[in-house]
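Q:
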Amino acid sequence: MFMKSLQRLLPRVSIGLMLLAMPALLLAAAAMTTLPNGPAVPRPAVVEPALVAAAAEDGVRLPARAPVLAVSPVAPAMAPELASDLLAQRSLDPQQPLGPVPQLDANVAGTAALVALPDFTGLVERYGPSVVNISSKQNPLLGPQDFDGEYSLPEDSPLYDFFRRFFGDEGSPLPEDSEQGRSLGSGFFLTADGYVLTNAHVVEAADEIIVRTSDRREFIARVVGADSRSDIALLKIDGEGLPAVEIGSVNGLKVGEWVLAIGSPFGFDHSATAGIVSAKGRSLPSESYVPFIQTDVAINPGNSGGPLFDLRGRVIGVNSQIYSRTGGFMGLSFAIPIDVAMDVVEQLRTKGRVSRGWLGVVIQDVTRELAETFGLAHPRGALIAQVLPGSPAEAAGLRAGDVILRFDGRDIPMSSSLPPMVGTARVGSSLLVEVLRLGEIMNLEVMLAELPDEEEFVITGGQVEPAAANRLGLVVKDLSDEQRERMGLGTQGVMVESVEPGPAEQAGVRAGDIILSFDNQVVSDSKHFRSLLDLAVPGKAVAVLVQRGDGRMFYPIRVPAE
Numbered sequence: 009m010f011m012k013s014l015q016r017l018l019p020r021v022s023i024g025l026m027l028l029a030m031p032a033l034l035l036a037a038a039a040m041t042t043l044p045n046g047p048a049v050p051r052p053a054v055v056e057p058a059l060v061a062a063a064a065e066d067g068v069r070l071p072a073r074a075p076v077l078a079v080s081p082v083a084p085a086m087a088p089e090l091a092s093d094l095l096a097q098r099s100l101d102p103q104q105p106l107g108p109v110p111q112l113d114a115n116v117a118g119t120a121a122l123v124a125l126p127d128f129t130g131l132v133e134r135y136g137p138s139v140v141n142i143s144s145k146q147n148p149l150l151g152p153q154d155f156d157g158e159y160s161l162p163e164d165s166p167l168y169d170f171f172r173r174f175f176g177d178e179g180s181p182l183p184e185d186s187e188q189g190r191s192l193g194s195g196f197f198l199t200a201d202g203y204v205l206t207n208a209h210v211v212e213a214a215d216e217i218i219v220r221t222s223d224r225r226e227f228i229a230r231v232v233g234a235d236s237r238s239d240i241a242l243l244k245i246d247g248e249g250l251p252a253v254e255i256g257s258v259n260g261l262k263v264g265e266w267v268l269a270i271g272s273p274f275g276f277d278h279s280a281t282a283g284i285v286s287a288k289g290r291s292l293p294s295e296s297y298v299p300f301i302q303t304d305v306a307i308n309p310g311n312s313g314g315p316l317f318d319l320r321g322r323v324i325g326v327n328s329q330i331y332s333r334t335g336g337f338m339g340l341s342f343a344i345p346i347d348v349a350m351d352v353v354e355q356l357r358t359k360g361r362v363s364r365g366w367l368g369v370v371i372q373d374v375t376r377e378l379a380e381t382f383g384l385a386h387p388r389g390a391l392i393a394q395v396l397p398g399s400p401a402e403a404a405g406l407r408a409g410d411v412i413l414r415f416d417g418r419d420i421p422m423s424s425s426l427p428p429m430v431g432t433a434r435v436g437s438s439l440l441v442e443v444l445r446l447g448e449i450m451n452l453e454v455m456l457a458e459l460p461d462e463e464e465f466v467i468t469g470g471q472v473e474p475a476a477a478n479r480l481g482l483v484v485k486d487l488s489d490e491q492r493e494r495m496g497l498g499t500q501g502v503m504v505e506s507v508e509p510g511p512a513e514q515a516g517v518r519a520g521d522i523i524l525s526f527d528n529q530v531v532s533d534s535k536h537f538r539s540l541l542d543l544a545v546p547g548k549a550v551a552v553l554v555q556r557g558d559g560r561m562f563y564p565i566r567v568p569a570e
C-alpha cells in the first residue's frame, strides 16, 4: 500500500520540482549562445585589458559598472545579435574576476565592436573651471537683440513664455525704458593670465562685459579684437593662475566621435552636454570662411562661445550656432574648428585685425547636371560664375565657366571647400590653381590679395509680362546700348522677357535675368541665342550663365525635343 501511494505521489513531486527549477533553467539558457552549426558556449561579460589601458591613458574612466563587449571573432550575421545580448546582461563588476572569451571557429570572419559609453566626469572636473559665463550689457538704443545672437522667438513658440519669465523681471518683460539690456554667452580661458575666447556675436555692441568664473568671481573684460566673418572674439581680464584649457586640432577628428560641450544654456552656468560629431566641413549660408563642425550635442542659447571637447579633454571647437525653428535645440549644432579660431586669435592678438586671402570670384556648386555639361565624371570642384574686375582671379586669367578642381595642391570636392582654403592662405603668396576649361585641364598661377572689408553681392530681378516662348520656355529680347553700358556687359547678353512652364523655369531662370552664355558660347543677341538653341542636342543638359542683379550663376537646362 505504501509503495502504491509513493508511486502516485512521485509524478506530482517531479512536476513541482521542475516548476521550482524553471527560473534557474531559464537563466542558464540565457547565459548560453548557440553559434551556427556549433555548440552552446557561455556568454560572460568580459572586457579586453588593452581597452582599459587605452581608456585610462586617454583620461577616460570606465564606469564602475558598465556594459562592455570583448573583442572576439564573431560571424558578421551574429555580431548585432551577440552585441545586443551581451549589452542586455548585468553590468560588469570590476571586483569580480573576468570570465574567459568564448573560443570560436578561427575561420569565422569579422569582429564584434567593443565600446563602453564614455564617462565625462573626470573631464568636467578638470576643465569645467576653465569655462566662464559672459554677460554683456548693451545700450537698448542700438536696437533689439536676440537671445545669445540666435533666432528670435515668435510669440506662439513653446519656449516664448520660458524666455519671457527667465529674462524678464519677476515674470514681466524687461521695461522699455531700461537703460541697459544684456545677452548671455560662454567663453573659456586660453591662457593663465586672462585671455578669454568667445563668439563675436556674444559681445557685439556691448558697453560692459562681465566674465564670471565657476567659483563665482567676476571680472570686467576688455575686447582685444573681434572678427565677424569667423564669429570669434578675444577678451582680456586681469588675473593670474587661471585654469586654461588644452588646445587640440580637428585634423584627426572623425565623424562619429564623442564630444562634450560645457557652457551656460539659458544662463544656467556650467552645464555639460554630450553627443557625437555628425559632419565636418559644413558650409552655412553667409558663412563662407568657416568649415563648421556639425554635432548633435544639445546646444542652446547661452552655449555660444563655449568649448567643444574631445575625449582627451582637448578643445577642438567653439560652439557658435544652432539650427532651430523654435529657438531651442533640434539636433543640429555647429562649432567653429579650433584651428580656424586660433588663427584668428593670433591675428587679433598681434595685429588687432584679421587679414584673409582673396581670389575675387563668385562661385557655385557643380550639380550632377552641370557636371555632365562640363564633361566631369561626377560632381566636384567650384564653378566660377563671375570674375570680379580688378581681382587676382582676373589678373591670373580665370574666366566664368572655369571649374576650379584644385587650389594650392588640394582637391576641391565641393564649392564650399574653396573659400576657407583661400581665406587662410597667406596674402601676397603665389599659388597654382587647377581649372577645367572647355574640357581641358589648365594650371594658372594666381597671386592672392587681401580680402576687402566689404564683399557683398546683391541679387535682384524684375518681372515683365509674358509672351510667346521658345522650347526652353523663354522669351528673350535684345539689350539697348544704354543697358549694356550700365551693366558693364560689353557686347554680350540678352534679357529674359518672360518665363513659361518648361525646362528653364524648372532650372530656376527668372524674368529679368540676363543670359550671358549658352553651352559655353557667349550670347551676343537674341538671334544668336536662337541659333545656339537650334544647334543644341535634344536631351542634353547645357550650362547657361545668367546674371541676376550684380550676381552671376550657371543653371543646367536640359534641352527638350522640338
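Okay, so the sequence shown: first residue is 9 according to our numbering, each after it adds one. Ideal Cβ placement from N, Cα and C applies to all residues, glycine included. A quick note: this is a predicted structure, and the numbers were derived from the prediction, not measured.
Can you tell me whether glycine 46 is helix, strand or coil according to DSSP?
A: Low per-residue confidence applies at glycine 46: pLDDT is 43, beneath 50, and the placement is therefore not dependable enough to give any value.
Q: Does DSSP put arginine 357 in a helix, a strand or coil?
A: Helix at arginine 357.
Q: Relative to the C-alpha of histidine 386, which residue among Pro460, Ala519, Asp373 is closest?
A: Here the closest residue by C-alpha is Asp373.
Q: With a Cβ-Cβ cutoff of 9 Å, do glutamate 508 and glycine 547 count as a contact?
A: Contact flag unset, no.
Q: List the endpoints of the continuous beta strand (DSSP E) containing valine 443.
A: Where valine 443 is concerned, the enclosing beta strand (DSSP E) stretches over 438-445.
Q: Quick check on this structure: which residue in Asp235, Leu459, Asp277 has the alpha carbon closest to the alpha carbon of leucine 367?
A: Taking only the C-alpha atoms, the option nearest leucine 367 is Leu459.
Q: Report yes if the C-beta distance between alanine 433 and glycine 389 is below 9 Å; otherwise report no.
A: No, they are not a contact pair.
Q: For leucine 396, which residues in the same chain have their Cβ closer than 6 Å to its Cβ, ignoring the five residues on either side in sequence?
A: Excluding positions up to five away in sequence, the list reads Gly368.
Q: Please report the Cβ distance between isoleucine 392 and isoleucine 371, rounded to the nearest whole angstrom; I am assuming they are in contact, meaning their Cβ atoms lie under 8 Å.
A: That belief holds up - the Cβ atoms of isoleucine 392 and isoleucine 371 are roughly 6 Å apart, short of 8 Å.
Q: With burial defined as no fewer than 16 other Cβ atoms inside 10 Å of the residue's Cβ, what is the status of valine 435: buried or exposed?
A: It is exposed - the Cβ of valine 435 has fewer than 16 other Cβ atoms within 10 Å.
Q: With burial defined as no fewer than 16 other Cβ atoms inside 10 Å of the residue's Cβ, what is the status of glutamine 406: buried or exposed?
A: First, the amino acid is wrong: residue 406 is leucine here, not glutamine. By the 10 Å Cβ count, leucine 406 comes out buried.
Q: Straight-line CA distance for leucine 439 to leucine 192?
A: Approximately 42 Å between the Cα atoms of the pair.
Q: Excluding five sequence neighbours on each side, which residues of the same chain lie with their C-beta closer than 6 Å to the C-beta of leucine 341?
A: Before going on, a small fix: residue 341 reads as serine here, not leucine. Contacts found: Thr303, Val305, Ile307, Ile330.
Q: Could you please give the first and the last residue of the uninterrupted alpha helix (DSSP H) stretch that includes leucine 205?
A: Careful: leucine 205 lies outside any alpha helix (DSSP H), inside the beta strand (DSSP E) at 203-206.
Q: Kindly indicate the opening and closing residues of the alpha helix (DSSP H) around lysine 262.
A: Where lysine 262 is concerned, there is no enclosing alpha helix (DSSP H), given that its DSSP letter is neither H nor E.
Q: Quick check on asparagine 327: buried or exposed, where buried means 16 or more other Cβ atoms within 10 Å of its Cβ?
A: Under this definition asparagine 327 is a buried residue.
Q: Does the structure place the stretch 264-281 close enough to the stretch 225-239 that three or more beta carbon pairs sit under 8 Å?
A: Because the criterion of three Cβ pairs below 8 Å is not met, the stretch 225-239 and the stretch 264-281 do not touch.
Q: Near glutamate 464, what residues of its chain come up, given a Cβ to Cβ distance below 7 Å and the 5 sequence neighbours on each side ignored?
A: Here the model assigns glutamate 464 a pLDDT of 38, short of 50, so the residue's position is not dependable and the matter cannot be decided.
Q: Count the C-beta pairs between the stretch 340-354 and the stretch 440-450 that are closer than 8 Å, then say yes if the count reaches three, no if not.
A: Touching, no, given that fewer than three Cβ pairs across the two stretches are closer than 8 Å.
Q: Name the two residues that bound the continuous alpha helix (DSSP H) containing leucine 131.
A: Per DSSP, leucine 131 belongs to the alpha helix (DSSP H) from 129-135.
Q: What residues in its chain sit with their C-beta under 6 Å from that of methionine 503, if we drop five residues either side in the sequence?
A: Hits under 6 Å: Lys485, Leu487, Ile522.
Q: What residues match up with serine 341 in a beta bridge as DSSP calls it?
A: In DSSP, serine 341 forms a bridge with Thr303, Ile330.
Q: Can you tell me whether glutamine 491 is buried or exposed, with buried defined as 16 or more other CB within 10 angstroms of its CB?
A: By the 10 Å Cβ count, glutamine 491 comes out exposed.
Q: Please list, in chain order, all residues of the same chain as arginine 538 whose beta carbon is under 8 Å from its beta carbon, the five residues on each side excluded.
A: Taken in chain order, the residues that qualify are Asn478.
Q: Consult DSSP for proline 428 and reduce its assignment to one of helix, strand or coil.
A: DSSP places proline 428 in helix when its eight states are reduced to three.
Q: Would you tell me roughly how many angstroms separate the C-alpha atoms of leucine 253 and threonine 199, rounded to the nearest one?
A: First, the amino acid is wrong: residue 253 is valine here, not leucine. Approximately 8 Å, taken between the alpha carbons.
Q: Use the C-beta contact count for threonine 499: other C-beta atoms within 10 angstroms, 16 or more gives buried, fewer gives exposed.
A: Result: exposed.
Q: Decide if isoleucine 284 is buried, meaning its Cβ has at least 16 other Cβ atoms within 10 Å, or exposed.
A: When all chains shown are included, isoleucine 284 counts as exposed.
Q: Within its chain, find whatever has a CB closer than 7 Å to the CB of proline 4; leave out the 5 residues flanking it on each side and keep chain order.
A: With the chain running from 9 to 570 in the structure shown, residue 4 is simply not present.
Q: Short of 8 Å in beta carbon distance, which residues of its chain neighbour alanine 379, apart from the five on each side in sequence? Order them along the chain.
A: Same-chain partners within the cutoff: Ala385, His386, Pro387, Arg388.
Q: Considering only C-alpha positions, which residue in the set Arg290, Ser425, Gly325, Asp239 is nearest to tryptophan 2?
A: Absent from the structure is residue 2, since the part of the chain shown begins at 9 and ends at 570.
Q: Taking the beta carbon of isoleucine 412 as the centre, do at least 16 other beta carbons fall within 10 Å, making it buried, or is it exposed?
A: Isoleucine 412 should be labelled buried.
Q: Only counting the same chain, and skipping five residues up and downstream in sequence, which positions put a Cβ closer than 8 Å to that of valine 530?
A: Taken in chain order, the residues that qualify are Gln500, Leu524.
Q: Express the C-alpha separation of serine 399 and valine 348 in angstroms, rounding to a whole number.
A: Spanning the two alpha carbons is a distance of roughly 25 Å.
Q: Are glycine 314 and leucine 131 touching if we call contact CB-CB under 9 Å?
A: Going by C-beta atoms, glycine 314 is not nearer than 9 Å to leucine 131.
Q: From this set, Leu125, Phe415, Ile270, which residue's C-alpha is nearest methionine 450's C-alpha?
A: That would be Phe415, whose Cα lies nearest to the Cα of methionine 450.
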